[in-house]
Each structure stands twice: as C-alpha cells, then as structure tokens.
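*Asks:*
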Amino acid sequence: MKVIDLTHFISEDMPVYPGTEGPKFKPANSYEVDGFKETLMTMYTHTGTHMDPPAHLFAGRTTLDQFPITQFVGKALVVDCSDLKEGQRITMDSISKNKDKADQAEFILFRLGWDKYWGTEQYFGDYPYIDDEVVDFLIKGNKKGVGLDVIGIDPIPDENLPIHKRLFKENEIVVIENLMNLDLVGSDLFIFCALPLKHIDADGSPIRAIAILD
Numbered sequence: 001m002k003v004i005d006l007t008h009f010i011s012e013d014m015p016v017y018p019g020t021e022g023p024k025f026k027p028a029n030s031y032e033v034d035g036f037k038e039t040l041m042t043m044y045t046h047t048g049t050h051m052d053p054p055a056h057l058f059a060g061r062t063t064l065d066q067f068p069i070t071q072f073v074g075k076a077l078v079v080d081c082s083d084l085k086e087g088q089r090i091t092m093d094s095i096s097k098n099k100d101k102a103d104q105a106e107f108i109l110f111r112l113g114w115d116k117y118w119g120t121e122q123y124f125g126d127y128p129y130i131d132d133e134v135v136d137f138l139i140k141g142n143k144k145g146v147g148l149d150v151i152g153i154d155p156i157p158d159e160n161l162p163i164h165k166r167l168f169k170e171n172e173i174v175v176i177e178n179l180m181n182l183d184l185v186g187s188d189l190f191i192f193c194a195l196p197l198k199h200i201d202a203d204g205s206p207i208r209a210i211a212i213l214d
C-alpha cells in the first residue's frame, strides 16, 4: 500500500481566497509556564485544502456534518488537464481519454498542475475551469465529489459562482479545492479520503486529503 498526501500545509503566510484573512497562530500555553504547549488557531472554514458542501451557497441545503462519513471516502480518478493553457475550459475531451474509469469513479479530481504556483501571485491567475458538459457529467454520474489543484472551481473574477450553484442546488456533492501532488497518483482508480473536521453546521472545512494506492 502506498499513501500520497494531497494536502497543502496551513501557515500564516499561505495563499487564501481574495477577501478573506489568513490563519493566525497564537501561543496559548507554554512548557515553561504551564508544563505543556497549546496554540490558539484561528482560520476561515474554507482555508487551504478544503471542502465545500451545498450549504456553502444555499440556506437549508446539506452541511458537511449532515453527510454520512461514506461521502468522504471512495474510488477516485485523476484527470490530467495539465496541458491546458490559462483561461481554457476543461471539457469532456479530457475525461473521454479514460471514460470507463471516470464512469466508475466516485470522485473526479482534475489535475491542472497549478499547485506548483502555490505561494505565488500566479496561483490567483486565470486557471482553467470545467465547462457545462463536465458539470452535467458529474451530476448525472451521481459523483460524491469533484476536486482540483486550484483555489476555486469557479474563476476568481466570477463572483456569481455559477459552477458551484449548478453543482449544489439539488445535488449531494462536495467540492474540494487547493489539492496538490495529483501528478503522483497516476491514471488508475485509487481510494481517495478527504475528511473534514466534524463540527456542527459546517459550511466548509479544511481537510486532510490522501490517495491510497495498492
């Protein structure tokens, strides 16, 4: 068995979505004073490698804590789209290269190679994004989730978030953003685990995402 970490480190200087604050780490207890070390960590629920549920956009829809734990584990496939240039769409052409496996997968993870820009201004650039036909494929295939190695499934300038809305309006699906190391997984199906923090009324959560290969 081989385990690959698909999760970025959380740090005070990490990239965060425009308009939000980065995480803060404040010493709360020390070895010298208290005999143990503890840190107060403050951050948004959509910090770093994280997961969005339908309740992120729609009141009354499913929060992460309302999903069964099985929602966060399953067969996954990485779709390599690293040949796409800035601003290009991810189309069914990319999925069709491995369609049989894509049909079997419960999670579709799109590799754009954007994780190499983590920590630079280019990470917030004009990254490729999925088109309507790909959204239809995810919905009709009853996928548990879709993930990418970019900061958002919608382009940053599009504040209306149409892709999020189409996925979340009526479907029980999660969106995973800011993945990394998808180039290490290969082109076969594998077990994907993306576990959010278990807190009440979760509109999102940082996750520890891993790939488990035979």
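Each residue of the sequence shown is one higher than the one before, starting from 1 at the first, in UniProt numbering.
Each residue gets a CB set at the ideal place from its N, CA and C atoms; glycine is no exception.
Closer than 7 Å by C-beta to Y31: which residues in its own chain qualify, once you throw out the five before and the five after it? Chain order, please.
*Replies:* Only K37 meet the Cβ criterion.
*Asks:* For Y123, tell me which candidate among R61, E177 and L57 has the shortest Cα-Cα distance.
*Replies:* It is E177 whose Cα lies nearest to the Cα of Y123.
*Asks:* Which class does M92 belong to by DSSP, given the choice of helix, strand or coil?
*Replies:* Helix, per DSSP.
*Asks:* Any chance you could list the beta strand (DSSP E) runs of at least 3 consecutive residues sitting entirely within the region 38-65, in chain order?
*Replies:* Entirely contained in the region 38-65, the beta strand (DSSP E) runs reaching 3 residues are, in chain order, 38-42 and 50-52.
*Asks:* How should F25 be labelled, buried or exposed, when 16 other C-beta atoms within 10 angstroms of its C-beta is the threshold for buried?
*Replies:* Classification for F25: exposed.
*Asks:* Could you give the C-beta distance for P54 and F190, rounded to a whole number, given that I count them as a contact under 8 Å?
*Replies:* About 26 Å separates the two Cβ atoms, so there is no contact after all.
*Asks:* Quick one: what's R111 bridged to in DSSP?
*Replies:* BP columns for R111 point to D80.
*Asks:* Decide if the region 11-20 is in contact with the region 200-211; the criterion is three or more beta carbon pairs, one per stretch, under 8 Å apart.
*Replies:* Touching, no, given that fewer than three Cβ pairs across the two stretches are closer than 8 Å.
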